[in-house]
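Step one of this worksheet: look at the structure below.
2 protein chains.
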Amino acid sequence: MQNIKLTLSYDGTNYHGFQVQQNAVTVQAQLEAALQAVFGQAVRVTAAGRTDTGVHALGQVVNFQVSTRIPPERLPYALNAHLPADIVVTKAELVPPDFHARYSAQSKVYRYTIDCAPFPRVLTRYYAYHLRYPLDIHLMQEAAAALVGKHDFRSFMASGSAVKTTERHVLRLEITEQDQYVQITIEADGFLYNMVRIIVGTLIEVGRGKRSPDLAAVIKARDRAAAGWTAPAHGLVMLEVKY
Amino acid sequence: MQNIKLTLSYDGTNYHGFQVQQNAVTVQAQLEAALQAVFGQAVRVTAAGRTDTGVHALGQVVNFQVSTRIPPERLPYALNAHLPADIVVTKAELVPPDFHARYSAQSKVYRYTIDCAPFPRVLTRYYAYHLRYPLDIHLMQEAAAALVGKHDFRSFMASGSAVKTTERHVLRLEITEQDQYVQITIEADGFLYNMVRIIVGTLIEVGRGKRSPDLAAVIKARDRAAAGWTAPAHGLVMLEVKY
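Order-wise, the sequence lines are chains A and B.
Positions 1 to 243 (the numbering used here) are the ones given, in order, by the first sequence.
Positions 244 to 486 (the numbering used here) are the ones given, in order, by the second sequence.
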């Protein structure tokens, strides 16, 4: 058996998220159907992370076990021939047997894009969240600094999630602006459910002047109600998984 | 009667081009339906230029005559409320009676985007033409230089087009590369039918090493067969009309 790592990108607009579920079109279901077509057998993949409905990926990673003679470098072409145009495999590699897309990951990088033009830019309407209000990105950067580091991010987790620990290490949280697009890039050793979108929603409230940039108290509260709203899914892209 | 100028953007993916035609969904038809809804009367618009099926716009300009009390600055909001999400009016201005979207234009700017990554980037698959082959952009820049200026562009016009003169003045033809996207920006006082896409197709042949960068002979031939292929529509965006 070989352990194969795939890097894939997808436009999440038309999918009910990554993970397979009954009666819904998901990225995983499409990918596994393509793998079955190529290998002639059922293949179950393990992903670095699940993405929600409408969330995109440029560097999602999965791995799976299979016995095949197809050289890994041919796999992207073989799989893409069976995948719809909104899912593209960009890399396939043979990895050691103990490689696990989720547990072996050192960190993941997400990027959220906000379109701050007076009217939504049509060509990015599915990939950037349009906000009618001006954002003070200096205030947002000031607020973001408090989130970098090892913290208990319970306040930034969708309520009702079950996890062993709510401590996560945010390695980087950058906010940039170019051509009226504000981009928030966040890298962490792991993310709680909806963590990126709640952080973005909270930072937007700061940028609009509706919330103090001092987020230390929000972290300390360990209460979802202390943080801001959950920003819409379509502005979010899973950019990279680092191993 | 007032003469009103609108600036609009659209994703051309789902339209049979700009211009109204029988039994086909076009941008103009959608826009005129929105104008009728807002003004309560039939309105016919004049556009700066027609765009083909699949071609996008970020700065298309139209004008029309109407008698209304709605202040121009309110019009984008009123019209967008009646338009689908892939057509967005970004500006409305009252202009002098003699302003004509097409005849008053000094120049138009188009941009063509080529995705040169090994696999197509999914999030730009409708807005960039994916090319599997590497391009030598220095050769393309060298070739482009010959096209700048006042020339007879008959070789770069779809055959069968009827125009008074095939002379056009190309003011600027820039080729840049960033993040594996090659962008070709071209500004001219006017364009012949398919001129941008034939220029792009010809420059791609140069960039792939399949054609000499010396395009002076192509211009001189005054024959469509002397130029290269017509690049696909979906990489093209009408960027701006200058008055």
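Just so it is clear, CB atoms sit at the ideal spot from N, CA and C, and this is done for glycine as well.
Values in this document were obtained by computation on a predicted structure and should not be read as measured data.
- Hey, does T90 (chain A) have any beta-carbon neighbour from chain B nearer than 9 Å? yes
- Message: Tell me which residues share the same chain as E483 (chain B) and place their Cβ nearer than 6 Å to its Cβ, disregarding the 5 neighbours each side in the sequence.
- Response: G302 and V352
- Query: Between the region 142-157 of chain A and the region 120-130 of chain A, are three or more C-beta pairs nearer than 8 Å?
  - Reply: no
- Measuring only between beta-carbons, confirm whether V182 (chain A) sits less than 9 Å from chain D. Checking the listed chains, one finds no chain D in this structure; the protein chains it contains are A and B.
- What's the gap between the Cα of S161 (chain A) and the Cα of Y193 (chain A)? One C-alpha to the other measures close to 7 Å.
- Query: P319 (chain B) versus chain A: which residues are under 7 Å apart at the beta carbon?
  - Reply: The answer, in chain order, is F119.
- Can you give me, in chain order, the residues of the region 86-117 of chain A that have a beta carbon less than 9 Å from any beta carbon in chain B? Answer in chain order: D86, I87, V88, V89, T90, K91 and A117.
- Nearest-angstrom Cα separation, counted from F153 (chain A) out to V163 (chain A): 12 Å
- Nearest candidate by alpha-carbon position, reference Q279 (chain B), set B:T473, B:L326, B:D295 and B:G471: B:L326
- Message: Counting beta carbon pairs with one atom in the region 274-293 of chain B and one in the region 326-343 of chain B, are three or more of them shorter than 8 Å?
- Response: Yes, the region 326-343 of chain B touches the region 274-293 of chain B.
- Item | Cβ pair L446 (chain B), M383 (chain B) closer than 9 Å | Yes, the pair counts as a contact, with Cβ atoms nearer than the cut-off.
- Alpha carbon to alpha carbon, how far is I217 (chain A) from A328 (chain B)? According to the sequence as given, residue 217 (chain A) is Ala; it is not Ile. Going by the C-alpha atoms only, they are around 39 Å apart.
- Item | N-terminal and C-terminal residue of the beta strand (DSSP E) that T113 (chain A) is part of | Boundaries of the beta strand (DSSP E) around T113 (chain A): S107 to D115.
- If you draw a straight line from the alpha carbon of E417 (chain B) to that of G478 (chain B), how long is it in whole angstroms? 16 Å
- Query: Does the distance from the C-beta atom of V270 (chain B) to that of T294 (chain B) stay below 9 Å?
  - Reply: Taking 9 Å as the cut-off, the beta carbon of V270 (chain B) is found closer than this to the beta carbon of T294 (chain B).
- Query: Any idea what DSSP makes of M238 (chain A), helix, strand or coil?
  - Reply: Three-state DSSP puts M238 (chain A) in a strand.
- Can you give me the start and stop residues for the beta strand (DSSP E) that F39 (chain A) sits inside? Per DSSP, F39 (chain A) belongs to no beta strand (DSSP E); it is in the alpha helix (DSSP H), V27 to F39.
- Query: At which residue ranges does the region 44-94 of chain A contain complete alpha helix (DSSP H) runs of 4 or more residues, listed in the order of the chain?
  - Reply: 75-80
- In three-state terms, what does DSSP make of L435 (chain B)? coil
- To which residues of the same chain is Q2 (chain A) closer than 8 Å at the C-beta, ignoring the five residues directly before and after it? Q65, V66, S67, T68 and L94
- Check whether S398 (chain B) and R454 (chain B) have beta carbons under 9 Å apart: For S398 (chain B) and R454 (chain B), no; Cβs fall outside 9 Å.
- Task: Return the chain-ordered list of same chain residues with a C-beta closer than 6 Å to the C-beta of G433 (chain B), the five sequence neighbours on each side being excluded.
- Result: The residues are R411.
- Measuring CA to CA, which of B:D379, B:Y486 and B:Q421 is closest to G452 (chain B)? B:D379
- From Q261 (chain A) to A29 (chain A), what distance separates their C-alpha atoms? Absent from the model: residue 261 (chain A). The displayed extent of chain A is 1 to 243, so no value can be given.
- Message: If I measure Cβ to Cβ from A188 (chain A) and keep anything under 7 Å in the same chain, skipping five residues before and after, which residues do I get?
- Response: S107, K108, R168, H169, V170 and L171
- Query: Any idea which residues DSSP pairs D395 (chain B) with across the strands?
  - Reply: B:E410
- Using a threshold of 9 Å, state whether the C-beta atoms of Y126 (chain A) and D11 (chain A) are closer than that. yes
- Task: Under 9 Å between beta-carbons, which chain B residues line up against L239 (chain A)? List them in chain order, please.
- Result: What L239 (chain A) touches in chain B: nothing, since even the nearest Cβ is about 11 Å away.
- Message: Helix, strand or coil, according to DSSP, for Q21 (chain A) in the structure here?
- Response: coil
- Skipping 5 residues on each side, what residues in its chain have a beta carbon closer than 8 Å to that of T409 (chain B)? D395, F396, R397, M400, L435 and R465
- Cα separation between S252 (chain B) and Y103 (chain A)? 45 Å
- Task: Could you tell me whether the Cβ of L135 (chain A) comes closer than 9 Å to any Cβ of chain B?
- Result: No, L135 (chain A) does not count as interfacial toward chain B.
- Item | Own chain, CB closer than 8 Å to V480 (chain B), minus 5 neighbours either side, in chain order | V298, H299, A300, L301, Y353, R354, Y355, T356 and Y370
- Message: If distances are taken between C-alpha atoms only, which option among B:I247, B:Q421 and B:G292 comes closest to I313 (chain B)?
- Response: B:I247
- Message: Please return the same chain residues whose Cβ sits closer than 6 Å to the Cβ of R197 (chain A), not counting the five positions on each side in sequence.
- Response: T230 and A231
- Query: Beta-carbon separation of Y486 (chain B) and V305 (chain B) under 9 Å?
  - Reply: no
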